[in-house]
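Report on the following structure.
Number of protein chains: 2
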Amino acid sequence: MNQQIILAVDAMGGDNAPGAIVAGCVLALAEQPDIVIELYGAMDRVKPLLPAEAEAGGRLLMVDAPDVIDNTDSPVMAIRQKPKSSLVMALEAVKAGRAAAMVSAGSTGALLAGGLFRVGRIRGIERPALAVIIPGSLGPFVLTDCGSNVDCKPEYLAQFGQMGSVYAQKVLGVSNPRVALANIGAEAEKGNNLVKAAFELMGNQPYNFVGNIEARDIPAGAADVVVADGFVGNMILKHTEGMAATLMSMLKQEMMASARAKLGALLMKPGLRAFKKKMDYTEYGGAPLLGVNGVLIKAHGSSGDYAFKSAIGQAVRMARGGVVEAITEYCQQQEENHGI
Amino acid sequence: MNQQIILAVDAMGGDNAPGAIVAGCVLALAEQPDIVIELYGAMDRVKPLLPAEAEAGGRLLMVDAPDVIDNTDSPVMAIRQKPKSSLVMALEAVKAGRAAAMVSAGSTGALLAGGLFRVGRIRGIERPALAVIIPGSLGPFVLTDCGSNVDCKPEYLAQFGQMGSVYAQKVLGVSNPRVALANIGAEAEKGNNLVKAAFELMGNQPYNFVGNIEARDIPAGAADVVVADGFVGNMILKHTEGMAATLMSMLKQEMMASARAKLGALLMKPGLRAFKKKMDYTEYGGAPLLGVNGVLIKAHGSSGDYAFKSAIGQAVRMARGGVVEAITEYCQQQEENHGI
Chain A
11 MNQQIILAVD AMGGDNAPGA IVAGCVLALA EQPDIVIELY GAMDRVKPLL PAEAEAGGRL
71 LMVDAPDVID NTDSPVMAIR QKPKSSLVMA LEAVKAGRAA AMVSAGSTGA LLAGGLFRVG
131 RIRGIERPAL AVIIPGSLGP FVLTDCGSNV DCKPEYLAQF GQMGSVYAQK VLGVSNPRVA
191 LANIGAEAEK GNNLVKAAFE LMGNQPYNFV GNIEARDIPA GAADVVVADG FVGNMILKHT
251 EGMAATLMSM LKQEMMASAR AKLGALLMKP GLRAFKKKMD YTEYGGAPLL GVNGVLIKAH
311 GSSGDYAFKS AIGQAVRMAR GGVVEAITEY CQQQEENHGI
Chain B
11 MNQQIILAVD AMGGDNAPGA IVAGCVLALA EQPDIVIELY GAMDRVKPLL PAEAEAGGRL
71 LMVDAPDVID NTDSPVMAIR QKPKSSLVMA LEAVKAGRAA AMVSAGSTGA LLAGGLFRVG
131 RIRGIERPAL AVIIPGSLGP FVLTDCGSNV DCKPEYLAQF GQMGSVYAQK VLGVSNPRVA
191 LANIGAEAEK GNNLVKAAFE LMGNQPYNFV GNIEARDIPA GAADVVVADG FVGNMILKHT
251 EGMAATLMSM LKQEMMASAR AKLGALLMKP GLRAFKKKMD YTEYGGAPLL GVNGVLIKAH
311 GSSGDYAFKS AIGQAVRMAR GGVVEAITEY CQQQEENHGI
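Protein chains in written order, with the working numbering: chain A, 11 to 350; chain B, 11 to 350.
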């Protein structure tokens, strides 16, 4: 059995909060005997949802967070002015070193701001980056940055490669992750000014840089880590969702086009369900903010209980895998190398 | 019957040239009684491929182009130093006003260089842009720029919107095309510096700007024209291809997973074929280079005869639709407005 760890959970963030969040925590606790969850939320709304045995079991601890962050608050203001909000309190539990990780399905902007201003960057990291695991036909891969830095310098991209490499190693279990730069051609001289400069830098990094990857080859999973600026990465991530939905809907139209096709679809139903499940990236949990001094996981805003449970699982794997420690070590090494 | 027009075709460009190009021309001539094709290529390689009736019919004219552009030539050098190449001769036929359009499946870079240096920009257009038509579940839409300008200024994007709007109107037959800006969020303040500035400009253009579109909503066809810089546009285009291929391959795995699924797949075969055909954007022809002073179509490099025939059809629709004339008119109006 592993050593027991504490996870801090923001009960108030997300479209289905707090109901799906509480239910997700209950599922996670049943699956993982060696975790304790500190659940931060508005007492009057969350307490009635808690199962009786949770209180008794002692592994789900409800903590009152009276401040409410709403959609009209700017992320930075909310983080500064609402210290007793569920998000900030959960972040502070990580900052204090008590919680090994925190999970929130709330606004990405607030989590980014909170990560920077409450938890802080790892020394040497220029910009933290969101990473997401996407299923491909050859296997899952990491895409980073998928939305936190929309205007990037080449140096940021080079660091995203390192953080993504550590993450793929520790969480996906890939021994020497192939890190590729998302580009419009395979050749070194291709791309816009940003990626051309990033390409140069990435060739001199300690990770396994395999060069450019074209968008055509991204979905299959031809690389273990795909590096992009936050604008391009977010486009790829959301385009993946959109393409999957559009193709499923076009396929359904064809399935209903004739009696013959309908029968065929009926027979294929289990296969189609398995296919849909494979395509569902909520299976892979949430998106960590890499480069901050703690494990911070952004769960999908529309997370149901199952997706939120997956995000908690992700947080546990990251904490136990020592992702933050490995990134810190890389930064220290970089600093020493430059010091010589 | 329409007035007869001449199309200039580069017989030497593309992975399957000249065989598939000649075959594509023959298919196009059979379909369209009111076109004449000037076919530019190396006499010794192309002439043996011509059908006997083509010579007799007089609508397929072979013109010898002795210079050969190969992969080692830089696009700009090739265009300057090989005036008797099939590409340059076809471009010159457009420039001279004899041909109403030209089609090539050769290198994109060479076509872009040729478009700029041999045919020239429409007065007032800052940067010509490649446009492509992509099938969506709600209908086809135009994506522009899909690869010619990897580093853009906001002004370029605003013009891409206008050119895309004209193209959607004249070629897809949409009466008041909804032009949207590819972005990472729907709100006006979202995005990187480039798209934030472009958003401002696009609101003051004469076309129907509907705001930002998230990548999630692009594949369905929620807008008629999607505007992006050439880097992002190329990522979206190639990611569309890659997602379609990956999803089909994952679906096939499920289809072969059990006897039941295999039977289902067999029954659904016609439907799956129709689905694949819908997803096949070669159906929609090639990608025009909008903003140059003539109809220039880049056919897919891997075009077979059918895809090349579609690209010729595209060229005919663009020429007859008066796309170049409409863009020219817009530029004149812009100039007059600024003159006031």
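Just so it is clear, CB atoms sit at the ideal spot from N, CA and C, and this is done for glycine as well.
Q | Span of the beta strand (DSSP E), counted from its first residue to its last, around PRO298(B) | A | Within the second sequence, the letter at position 288 stands for residue 298(B). Secondary structure note for PRO298(B): its beta strand (DSSP E) is the uninterrupted segment 297 to 300.
Q. To the nearest angstrom, how far is it from the Cα of ASN12(A) to the Cα of LEU276(B)?
A. Within the first sequence, numbered from 1, the residue matching residue 12(A) stands at position 2. Within the second sequence, numbered from 1, the residue matching residue 276(B) stands at position 266. Cα to Cα, ASN12(A) sits roughly 49 Å from LEU276(B).
Q | Distance, ALA309(B) Cα to GLU339(B) Cα | A | As a working note, residue 339(B) is residue 329 in the second sequence. As a working note, residue 309(B) is residue 299 in the second sequence. Cα to Cα, the separation comes out at about 27 Å.
(Q) Give me the DSSP bridge partner(s) of ASN193(A). (A) The residue given as residue 193(A) occupies position 183 in the first sequence. Assignment of beta-bridge partners to ASN193(A) by DSSP yields GLU224(A).
Q. At which residues does the alpha helix (DSSP H) containing GLY274(B) begin and terminate?
A. One-based indexing of the second sequence puts residue 274(B) at position 264. Boundaries of the alpha helix (DSSP H) harbouring GLY274(B): 269 to 289, taken from the DSSP string.
Q) Run through DSSP, which three-state label would VAL73(A) get? A) Within the first sequence, numbered from 1, the residue matching residue 73(A) stands at position 63. Strand.
**Q.** chain B within 7 Å of ASN244(A), Cβ atoms only
**A.** For the purposes of this step, residue 244(A) is identified with residue 234 of the first sequence, where counting begins at 1. Yes, contact with chain B.
Q) Rounded to whole angstroms, how far is the Cβ of MET260(B) from the Cβ of LYS288(A), which I believe are closer than 8 Å? A) In the second sequence, residue 260(B) corresponds to position 250, counting from 1. In the first sequence, residue 288(A) corresponds to position 278, counting from 1. LYS288(A) and MET260(B) do touch by the CB rule: their CB atoms are close to 6 Å apart, below 8 Å.
Q. Which residue spans inside the stretch 101 to 136 of chain A form an unbroken alpha helix (DSSP H) run of at least 4?
A. Runs of the alpha helix (DSSP H) inside the stretch 101 to 136 of chain A: 118 to 124.
Q) What are the start and end residues of the beta strand (DSSP E) that includes ALA18(A)? A) The residue you call residue 18(A) lines up with position 8 of the first sequence. Per DSSP, the unbroken beta strand (DSSP E) holding ALA18(A) starts and ends at 15 to 20.
Q: Starting from the C-beta of VAL205(A), find all residues in its chain whose C-beta is less than 7 Å away, skip the five residues before and the five after it, and write them out in chain order.
A: As a position in the first sequence, residue 205(A) is number 195, starting the count at 1. Only LEU191, ASN193 meet the Cβ criterion.
Q.
Per DSSP, what are the beta-bridge partners of ALA308(B) in this structure?
A. Taking the second sequence and counting its residues from 1, one reaches residue 308(B) at position 298. Contrary to the premise, residue 308(B) reads as Lys rather than Ala in this sequence. For LYS308(B), the beta-bridge partners assigned by DSSP are SER114(B), ALA297(B).
(Q) Would GLY24(B) and ALA115(B) qualify as a contact pair, given that the criterion is a beta-carbon distance under 7 Å? (A) Looking up residue 24(B) in the second sequence gives position 14. Looking up residue 115(B) in the second sequence gives position 105. Taking C-beta atoms as the reference points, GLY24(B) and ALA115(B) count as a pair closer than 7 Å.
Q. Could you check where the alpha helix (DSSP H) with VAL86(B) kicks off and where it finishes?
A. If you number the second sequence from 1, residue 86(B) lands on position 76. VAL86(B) -> alpha helix (DSSP H) spans 85 to 91.
Q. Would ARG327(A) count as contacting chain B if we go by Cβ distances under 7 Å?
A. As a working mapping, residue 327(A) is identified with position 317 in the first sequence. With 7 Å as the cut-off, ARG327(A) does not count as an interface residue toward chain B.
Q.
According to DSSP, is TYR7(B) part of a helix, a strand, or is it coil?
A. Shown here, chain B extends from 11 to 350; a query on residue 7(B) therefore has no answer.
Q.
Threshold first: 4 residues or longer. Then list the alpha helix (DSSP H) segments lying entirely within the stretch 159 to 209 of chain B, N to C.
A. List check, alpha helix (DSSP H) in window: 164 to 177.
**Q.** Through-space distance from ARG330(B) to PRO298(B), alpha-carbon basis
**A.** Numbered from 1 along the second sequence, position 288 holds the residue referred to as residue 298(B). Numbered from 1 along the second sequence, position 320 holds the residue referred to as residue 330(B). Distance between the alpha carbons of PRO298(B) and ARG330(B): 14 Å.
Q. With 7 Å set as the bound, which would you pick, yes or no: does the beta-carbon of ALA66(A) sit closer than that to a beta-carbon of chain B?
A. In the first sequence, the residue the question calls residue 66(A) occupies position 56. For ALA66(A), the pLDDT reaches just 47, beneath the cut-off of 50, and the residue's location in the model is therefore unreliable, although a value from the coordinates is still provided. No, no contact with chain B.
Q. In angstroms, rounded to a whole number, what distance separates the CA positions of GLU41(B) and LEU182(B)?
A. Along the second sequence, read from residue 1 onward, the residue named residue 41(B) stands at position 31. Along the second sequence, read from residue 1 onward, the residue named residue 182(B) stands at position 172. Approximately 19 Å between the Cα atoms of the pair.
**Q.** Chain-order list of residues whose beta-carbon lies under 6 Å from that of LEU306(B) (same chain, five-residue window excluded)
**A.** The residue you call residue 306(B) lines up with position 296 of the second sequence. Taken in chain order, the residues that qualify are MET112, GLY125, LEU299.
Q: Could you tell me whether any Cβ in chain B is nearer than 7 Å to the Cβ of GLU224(A)?
A: Here residue 224(A) refers to the residue found at position 214 of the first sequence. At least one chain B Cβ lies under 7 Å of GLU224(A).
**Q.** Chain-order list of residues whose beta-carbon lies under 7 Å from that of ARG133(A) (same chain, five-residue window excluded)
**A.** Taking the first sequence and counting its residues from 1, one reaches residue 133(A) at position 123. The residues CYS341, in chain order, have a CB closer than 7 Å to that of ARG133(A) in the same chain once the five nearest residues on each side in sequence are set aside.
Q | Backbone CA spacing between ARG327(B) and VAL152(B) [nearest angstrom] | A | For the purposes of this step, residue 327(B) is identified with residue 317 of the second sequence, where counting begins at 1. For the purposes of this step, residue 152(B) is identified with residue 142 of the second sequence, where counting begins at 1. Counting only the Cα atoms, VAL152(B) lies some 15 Å from ARG327(B).
Q. Taking the continuous alpha helix (DSSP H) assigned at VAL56(B), which residues delimit it?
A. The residue given as residue 56(B) occupies position 46 in the second sequence. Per DSSP, VAL56(B) belongs to the alpha helix (DSSP H) from 53 to 56.
Q) With 16 as the cutoff for other CB atoms within 10 Å, does ALA238(A) come out buried or exposed? A) Stepping through the first sequence from its first residue, residue 238(A) is reached at position 228. By the C-beta density criterion, ALA238(A) is buried, having at least 16 other C-beta atoms within 10 angstroms.
Q. Hey, is LEU257(B)'s beta-carbon within less than 7 Å of any beta-carbon in chain A?
A. One-based indexing of the second sequence puts residue 257(B) at position 247. Yes, because at least one Cβ of chain A sits closer than 7 Å to the Cβ of LEU257(B).
Q. Where does THR82(B) fall in DSSP's three states?
A. On the second sequence, residue 82(B) is found 72 positions in, with the first residue counted as 1. DSSP places THR82(B) in the coil class of the three-state scheme, outside both helix and strand.
Q) Start and end of the alpha helix (DSSP H) containing ALA33(A)? A) Position 23 of the first sequence holds residue 33(A). Its alpha helix (DSSP H) spans residues 29 to 41.
Q) Taking Cβ positions, are MET72(B) and LEU49(B) nearer each other than 7 Å? A) Working through the second sequence from its first residue, we reach residue 72(B) at position 62. Working through the second sequence from its first residue, we reach residue 49(B) at position 39. Yes, these two residues count as a Cβ contact at 7 Å.
(Q) Considering only the alpha carbon of each residue, which of LEU148(B), GLY174(B), LEU140(B) lies closest to SER158(B)? (A) Counted from its first residue, the second sequence places residue 158(B) at position 148. Of the candidates LEU148(B), GLY174(B), LEU140(B), the residue whose Cα lies closest to the Cα of SER158(B) is LEU140(B).
Q) List, in order along the chain, the chain B residues whose C-beta lies closer than 7 Å to that of VAL160(A)? A) Here residue 160(A) refers to the residue found at position 150 of the first sequence. Residues of chain B passing the Cβ test: ILE194, GLY201, ASN202.
Q) Within this structure, are the beta carbons of TYR217(A) and VAL333(A) separated by less than 7 Å? A) Sequence index remark: in the first sequence, residue 217(A) carries index 207 (1-based). Sequence index remark: in the first sequence, residue 333(A) carries index 323 (1-based). Their beta carbons are not under 7 Å apart, which means TYR217(A) does not touch VAL333(A) by this criterion.
Q) So what does DSSP say about LEU60(B), is it helix, strand or coil? A) In the second sequence, the residue the question calls residue 60(B) occupies position 50. Coil.
Q) Would you say PRO61(A) reaches chain B, if we count a Cβ-Cβ gap shorter than 7 Å as a contact? A) Here residue 61(A) is taken as the residue at index 51 of the first sequence, counted from 1. False, the Cβ-Cβ gap to chain B never drops below 7 Å.
Q. With burial defined as no fewer than 16 other Cβ atoms inside 10 Å of the residue's Cβ, what is the status of ASP54(B): buried or exposed?
A. Here residue 54(B) is taken as the residue at index 44 of the second sequence, counted from 1. When all chains shown are included, ASP54(B) counts as exposed.
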